[in-house]
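Number of protein chains: 2
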Amino acid sequence: MDRMFQALADPSRRGMVDRLCRGPASVSELARPLAMSLAAVVQHLQVLEASGLISTRKVGRVRTCSIEPAALGAAEGWITQRRAMWERRLDRLGDFLATNPDEPDQQPQGQTEE
Amino acid sequence: MDRMFQALADPSRRGMVDRLCRGPASVSELARPLAMSLAAVVQHLQVLEASGLISTRKVGRVRTCSIEPAALGAAEGWITQRRAMWERRLDRLGDFLATNPDEPDQQPQGQTEE
DNA sequence: TATATACTCAAGCTTATGCTTAACCAAGGT
DNA sequence: ACCTTGGTTAAGCATAAGCTTGAGTATATA
Chain S
1 MDRMFQALAD
11 PSRRGMVDRL
21 CRGPASVSEL
31 ARPLAMSLAA
41 VVQHLQVLEA
51 SGLISTRKVG
61 RVRTCSIEPA
71 ALGAAEGWIT
81 QRRAMWERRL
91 DRLGDFLATN
101 PDEPDQQPQG
111 QTEE
Chain X
1001 MDRMFQALAD
1011 PSRRGMVDRL
1021 CRGPASVSEL
1031 ARPLAMSLAA
1041 VVQHLQVLEA
1051 SGLISTRKVG
1061 RVRTCSIEPA
1071 ALGAAEGWIT
1081 QRRAMWERRL
1091 DRLGDFLATN
1101 PDEPDQQPQG
1111 QTEE
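Listed in order, the protein sequences are those of chains S and X. Counting from 1, one number per residue, gives the positions in the first sequence under the numbering used here. Counting from 1001, one number per residue, gives the positions in the second sequence under the numbering used here.
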């Protein structure tokens, strides 16, 4: 998961993911819009591949890259879960405030213990 | 967006977000499960706050941290959009293969030009 | 066969990250 | 008043990230 978010934390890499969502591409095709050396692009691709976000296959002298949608799903899943947690909490808080009007609001769950 | 994903790329920071989804907490409360100095925790919190993922407010001598759900939504949104793109592409590819059976499969869109 | 293309690999450099310690300050409790 | 708790600040350090250049290796193409 570390590697996943780390990989997405760079704009060039997000650009590559973006492009690859529209279909597979070669290394130099991915490099074209970027203002950096080919070698740098390859290093970014290694990060993406290590994170599981993309996979690559070399045929002849050209390496073709494609996204690995499952990985993207994993990152999304992590976030979605926390959001769900948060929303459940908001609901409970809403219930609490609805049934105990006018009280100075405190944590309804025992989570601020100390 | 860089800062967002960067912030989520560290396990300690994800742990803090996790905890904060269950409700607000003080700095030392967030520090307790972590094997590092308070100062280090504060630095992580600065990263999280700079990314927009959390907000903090100091009352008396204790700083209370809470998640900023909108930010989490933004990260989720980025991923969801790319997934949608990817799925639309898969659909088009499916249509293509369904109507042109047996052909050695190529990109139906003009995206592998070179 | 010669040349260009599409990478690949290894060094090296600069800046950013993640952490530590130590000194410090302000609020609360006794 | 004194000590403790909760946090802040600054300095320093080791490792990792992002990039470059330069040289090398296959694979196509003319």
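Ideal placement from N, C-alpha and C gives every residue a C-beta, glycine not left out. Since the structure is predicted, the reported quantities are computational estimates derived from the model, not experimental observations.
CB contact flag (residue i, residue j, <8 Å)
i, j, result
"residue 955(X)", "residue 87(S)", "For chain X, the structure presents residues 1001 to 1114; residue 955(X) sits outside this window and is missing."
"residue 1051(X)", "residue 1006(X)", "yes"
"residue 65(S)", "residue 35(S)", "no"
"residue 115(S)", "residue 53(S)", "A query on residue 115(S) cannot be resolved here, the shown segment of chain S reaching from 1 to 114 and no further."
"residue 44(S)", "residue 1(S)", "no"
"residue 1089(X)", "residue 23(S)", "yes"
Euclidean distance between Cα positions of residue i and residue j
i, j, result
"residue 115(S)", "residue 69(S)", "A query on residue 115(S) cannot be resolved here, the shown segment of chain S reaching from 1 to 114 and no further."
"residue 1003(X)", "residue 94(S)", "31 Å"
"residue 1047(X)", "residue 61(S)", "42 Å"
"residue 37(S)", "residue 1020(X)", "41 Å"
"residue 1028(X)", "residue 1083(X)", "38 Å"
"residue 67(S)", "residue 1092(X)", "16 Å"
"residue 1059(X)", "residue 58(S)", "59 Å"
"residue 1013(X)", "residue 1099(X)", "49 Å"
"residue 1081(X)", "residue 1063(X)", "36 Å"
"residue 9(S)", "residue 1009(X)", "8 Å"
"residue 1018(X)", "residue 1049(X)", "15 Å"
"residue 33(S)", "residue 79(S)", "30 Å"
"residue 1085(X)", "residue 11(S)", "18 Å"
"residue 42(S)", "residue 1042(X)", "35 Å"
Below-8 Å beta-carbon distance, residue i vs any chain S residue
i, result
"residue 1036(X)", "no"
"residue 1017(X)", "yes"
"residue 1002(X)", "yes"
"residue 1075(X)", "yes"
"residue 1054(X)", "no"
"residue 1046(X)", "no"
"residue 1072(X)", "yes"
"residue 1099(X)", "no"
"residue 1094(X)", "no"
Short CB-CB distance (under 8 Å) between residue i and chain X
i, result
"residue 43(S)", "no"
"residue 11(S)", "yes"
"residue 68(S)", "no"
"residue 50(S)", "no"
"residue 23(S)", "yes"
"residue 61(S)", "no"
"residue 83(S)", "yes"
"residue 89(S)", "yes"
"residue 8(S)", "yes"
Taking the runs of the alpha helix (DSSP H) that are 4 residues or longer, which of them lie wholly in the stretch 19-59 of chain S?
If we require 4 residues or more, the alpha helix (DSSP H) runs fully inside the stretch 19-59 of chain S come out as 27-31, 38-50.
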